[in-house]
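To start, the structure itself, in structure tokens.
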Ligand SMILES: Nc1ncnc2c1ncn2[C@@H]1O[C@H](COP(=O)(O)OP(=O)(O)OP(=O)(O)O)[C@@H](O)[C@H]1O
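In my numbering, the protein residues as written are 86 to 302.
Following this line, the structure appears as structure tokens:
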């Protein structure tokens, strides 16, 4: 479970305050995947980062009682001077997992060939996405955080393999996915919310969320 209690977050732009959340309270329960709809710049990435613990609220409390993933595509914990092999073995140790297992799983999923043993700084953005996706899938979390705005991998074979693995993983896990597109959320979510004017409006169905989203778009 992830619970936001009276959480506020805003940024000062130099001329005005950009409000992302204004004393918002909501929770994400295990087994009930949540899709958050919001237009560009509304604060989707900021909310995902707060759930991951990468960004702090200005006020309020964020409580977590489950294993929550880093956001899909997050490369902050990866050392660009080292190879995918070295990085995934290191991260496996941080999570108390078997480095041999994590290495062979990632090597198989991301399909980078000899680049898996070369420094990450030599990868294209698509190759980085493939590596970070495989790393996320190699670790079992209760709640997976997905920001649809992150750079995507364009390799068809990889997308098929990773998509199937993600679907399998989500049978026993919960996902929080943020997107500006209702179609993306349809595939994953049991409930939906709309982020608007600092508030998160939660709905039982995506249809209801879409109505508010379309109305305010
Ligand atoms: N550190 C910061 N300082 C100032 N403004 C920021 C900062 N981080 C984010 N913002 C602003 O807060 C708003 C929300 O940013 P965020 O990246 O969370 O939006 P988003 O909904 O994910 O956008 P997109 O759909 O374009 O990915 C934007 O207007 C952004 O410019």
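C-beta: ideal position from N, C-alpha, C; glycine also.
Nearest neighbour of residue 189 by Cα position, chosen from 249, 171 and 87, turns out to be 171.
In the structure shown, residue 144 falls within a strand segment according to DSSP collapsed to helix, strand and coil. Taking residue 166 as reference, the option from 118, 201, 221 and 120 with the minimal CA-CA separation is 201. For residue 232, DSSP records a beta bridge to 263. Just so you know, the alpha carbons of residue 92 and residue 286 end up roughly 14 Å apart.
Ligand 1 approaches residue 126 closely enough that one of its heavy atoms is under 7 Å from the residue's Cβ. Straight-line spacing of the CA atoms in residue 158 and residue 112 works out to 23 Å. A distance below 7 Å between beta-carbons, with the five flanking residues on each side excluded, links residue 116 to the following residues of its chain, in chain order: 259. Membership of residue 114 in any alpha helix (DSSP H) is not indicated, and neither H nor E is assigned to it by DSSP.
At least one heavy atom of ligand 1 lies closer than 7 Å to the C-beta of residue 103. Residue 141 has its Cβ no nearer than 7 Å to any heavy atom of ligand 1. Apart from the 5 residues on each side of it in sequence, residue 155 sits with its Cβ closer than 6 Å to the Cβ of 137 in its chain, given in chain order. Taking non-hydrogen atoms of ligand 1 into account, the C-beta of residue 111 is found less than 7 Å away from none of them. With three or more CB-CB distances shorter than 8 Å, the stretch 272-287 counts as touching the stretch 101-109.
With a cut-off of 7 Å, the C-beta of residue 123 is classified as near ligand 1, since at least one heavy atom of the ligand falls inside that distance. By the CB criterion at 8 Å, residue 241 and residue 219 fall outside the cutoff.
Looking only at 192, 102, 208 and 204, the smallest Cα-Cα distance to residue 246 is reached by 192. Checking the 7 Å criterion, the Cβ of residue 269 is out of range of every heavy atom belonging to ligand 1. Distance between residue 279 and residue 298, taken at the CA atoms: about 6 Å. Taking a contact as a CB-CB distance under 8 Å, the pair residue 120 and residue 273 counts as one, their CB atoms being some 6 Å apart.
In this chain, the beta strand (DSSP E) harbouring residue 94 covers 87-97.
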